[in-house]
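Down below is the structure, laid out as structure tokens.
Below is the structure:
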């Protein structure tokens, strides 16, 4: 701020005008902080009273405060841009005072409208905000005497009056305090105004003194300037010389500093490089352009066994002795020459490193050229790391992924992979062979002694057979108690010899566990591999089938697979029946037929007997006889479901009436050996009989002597429980095995059905006639009714009648009819 100029005004008016200009300038200088405080406090007040004041009015008030503050800030900007502030005090003073008054009114409105009689905390918040605004206003508005009252009275008076209007002594006390606060602020503002005015007066007086001194100094400077010009002329030459000398010294000093900095950076980078190379986990060797070692980091020293000072300046090959993994010395020479003194480009690979003590380890290396600024090759940097442990772990994981954990043999996945490899090169002139082995009595050991014993048996068998298999062949565990041997470049006769050797080895082996000893056999399927196989799965499937046939023909034998093998064809046919049977059961395509069992003697004419037979309707609607599908059903576990369906449908037919119903009707239903050993089948039959309400005596269950004898432990309780309900039992195909005579007295049967193979030729074969007569007499002695099967003509019926057999069954007596 400059001193007031004399524009024709008297001294007093001139000073008054200058002081007023200074007061206005101070007002505008202090406005930005006051404006910021106004906006911030209004926002805080709006947030604090949001849940107590109508949002619409609160928002309108807040917008009004902000808009009015923005207008006043615009006034400030115009003031700052004005070229003649001091000559227009009234122009800038009046709008500023208007802004102060309106701002006070806005805060006075807030004090009245935002007053919350029910909430003392919100009253206190409003009081503090208004008091803070008033205190700040006294400070910022003190340059003008009228400015502070213009804000204090409209801002605080309404709130103070509203406080007096509230009932209660606290509000009266608070109103009194506010009134005293207003008076105090007014007194303070007057004193501040007087202080400001005195300060401005002193400032302008000082400025006048400074102006006088400046003019005197200017006159003195004019005299000195003449003298200085003369002196300056004399010094110009000297100054030019000094400047030149200074420039030279400055350049020398600058270059010295730069060189020191470059040296420091190089030393720091060298130290950083050394620390980095010492800290990394890889070995690092550097060579010069002739291939002589210049540096080894600690890891390289540790791996090679050489210290840096021992090999510095010596050829790389002396410290880094490497070879390819084959270990061939020739390969080693090629490996060393593969790392010339200066490599042309980056290379990497795996090598076998021999350290100073002769210890060998696998390393992975990377070699790259070292280039100078002109891209010239000045050396080589070689990094490497010991990967011996990584290789060991990788080999271990590979072994675990390809071998069976229990026996140590290759697992099924690896076995199939090797089999696929062999199939790719199989040819008739160079055949291979596959053995599929299944232990015969492994389940006995497992069930008797537990899985621990079973695992030990598998380990011992695997160890025993491994010693008898050629080194070039693959011996693997395919799953459970199944093993496979892949015999490469082996003819069928040689493979058969090896298979029999393994079979005899297993046959002679005795497995001991605690106080028990077990004999173990093995069934082996052998397949010739000479081309023509689709994949490994087809070869394994053929070998599995051949092994199954070896088991089916008596176990502990070798079966060589042939594409046109009749037994194999039969098994394949049975396998094809499995999905057809399942579909027929699901679609309800089974049918019941009934063949009469006719009394031979007149005394038995009152009871009508019949055997229930099952037929299958194929996909084309044709009837299929049971001989085509029952064997497959029994082999693949579907016979139990067929038994239940037949029993259920027979009971339904007996309950429903029609041709099968009658007081003297008894239908015979065949049960398989699987149903005899199934407790669920017994419960099913018992519940169906009880639920249906039919007489249990109208049902007779036929069981073959083979099924009864092989399942004797389960058959006896099964038959006993159903006999207690009233059911009857018939022993079918009796005489098929001579052992049945010894078991007959233990079986609770009512009928003895003589095997039809003896009956059909009794008219022509004396031996068959004698056998049938003996069986009939045995039945009579035991109190059983006898039934002759396969009575196909009158001559056979005449013989049956002459022997006094009770019943006859066959096409001569009646063919099966749909029920």
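Residue numbers (this note's numbering): 18 to 836. Every residue gets a Cβ at the ideal spot worked out from N, C-alpha and C, and that includes glycine.
Would residue i and residue j be called neighbours here (beta carbons separated by less than 9 angstroms)?
i: residue 693; j: residue 735; result: yes
i: residue 90; j: residue 49; result: yes
i: residue 645; j: residue 633; result: yes
i: residue 628; j: residue 722; result: no
i: residue 530; j: residue 440; result: no
i: residue 528; j: residue 631; result: no
i: residue 824; j: residue 617; result: yes
i: residue 124; j: residue 52; result: no
i: residue 151; j: residue 117; result: no
i: residue 575; j: residue 826; result: no
i: residue 167; j: residue 114; result: yes
i: residue 518; j: residue 485; result: yes
i: residue 304; j: residue 397; result: yes
i: residue 328; j: residue 316; result: no
i: residue 836; j: residue 610; result: yes
i: residue 79; j: residue 63; result: yes
Return the bridge partner residues of residue i from the DSSP annotation.
i: residue 402; result: 381
i: residue 719; result: 687, 747
i: residue 332; result: 309
i: residue 539; result: 456
i: residue 259; result: For residue 259, which the question treats as bridged, DSSP gives no partner whatsoever.
i: residue 771; result: 751, 805
i: residue 533; result: 530
i: residue 835; result: 610
i: residue 500; result: 454, 494
i: residue 90; result: According to DSSP, which records beta bridges pairwise, residue 90 is partnered with nothing at all.
Between the options, which lies nearest to residue i when the distance is taken from Cα to Cα?
i: residue 180; options: 53, 169, 194; result: 194
i: residue 544; options: 207, 453, 471, 285; result: 453
i: residue 496; options: 136, 420, 716, 671; result: 420
i: residue 291; options: 325, 305, 274, 259; result: 325
i: residue 869; options: 306, 471, 118; result: The chain is shown only over 18 to 836; residue 869 falls outside these bounds and no answer can be derived.
i: residue 715; options: 684, 226, 800, 178; result: 684
i: residue 164; options: 260, 272, 40; result: 40
i: residue 600; options: 636, 572, 299; result: 636
i: residue 438; options: 512, 798, 546, 217; result: 546
i: residue 15; options: 204, 66, 399, 455; result: The displayed coordinates of the chain run from 18 to 836. Any statement about residue 15 would go beyond what the structure contains.
i: residue 383; options: 365, 374, 369; result: 365
i: residue 502; options: 535, 298, 541, 570; result: 541
Roughly how many angstroms lie between the CA atoms of residue i and residue j, to the nearest whole one?
i: residue 372; j: residue 336; result: 8 angstroms
i: residue 701; j: residue 690; result: 16 angstroms
i: residue 817; j: residue 706; result: 34 angstroms
i: residue 144; j: residue 42; result: 31 angstroms
i: residue 318; j: residue 401; result: 12 angstroms
i: residue 537; j: residue 523; result: 6 angstroms
i: residue 500; j: residue 749; result: 40 angstroms
i: residue 345; j: residue 408; result: Confidence at residue 345 is low in this model, with a pLDDT of 49, below 50, so its placement is unreliable and no value can be given for it.
i: residue 207; j: residue 162; result: 6 angstroms
i: residue 34; j: residue 157; result: 21 angstroms
i: residue 756; j: residue 725; result: Note that residue 756 has pLDDT 47, beneath the 50 cutoff, so the model's placement of it is unreliable and no number is given.
i: residue 7; j: residue 275; result: The shown model of the chain, from 18 to 836, leaves out residue 7, and the question about it has no answer.
i: residue 174; j: residue 203; result: 13 angstroms
i: residue 430; j: residue 489; result: 19 angstroms
i: residue 780; j: residue 478; result: 57 angstroms
i: residue 555; j: residue 730; result: 40 angstroms
i: residue 810; j: residue 829; result: 5 angstroms
i: residue 567; j: residue 580; result: 16 angstroms
i: residue 248; j: residue 235; result: 19 angstroms
i: residue 244; j: residue 92; result: 52 angstroms
i: residue 773; j: residue 785; result: 10 angstroms
i: residue 698; j: residue 508; result: 50 angstroms
i: residue 558; j: residue 777; result: 42 angstroms
i: residue 655; j: residue 595; result: 8 angstroms
Answer with buried or exposed for residue i, where buried requires no fewer than 16 other C-beta atoms within 10 angstroms of its C-beta.
i: residue 804; result: buried
i: residue 340; result: buried
i: residue 433; result: buried
i: residue 88; result: exposed
i: residue 745; result: buried
i: residue 450; result: buried
i: residue 802; result: buried
i: residue 160; result: buried
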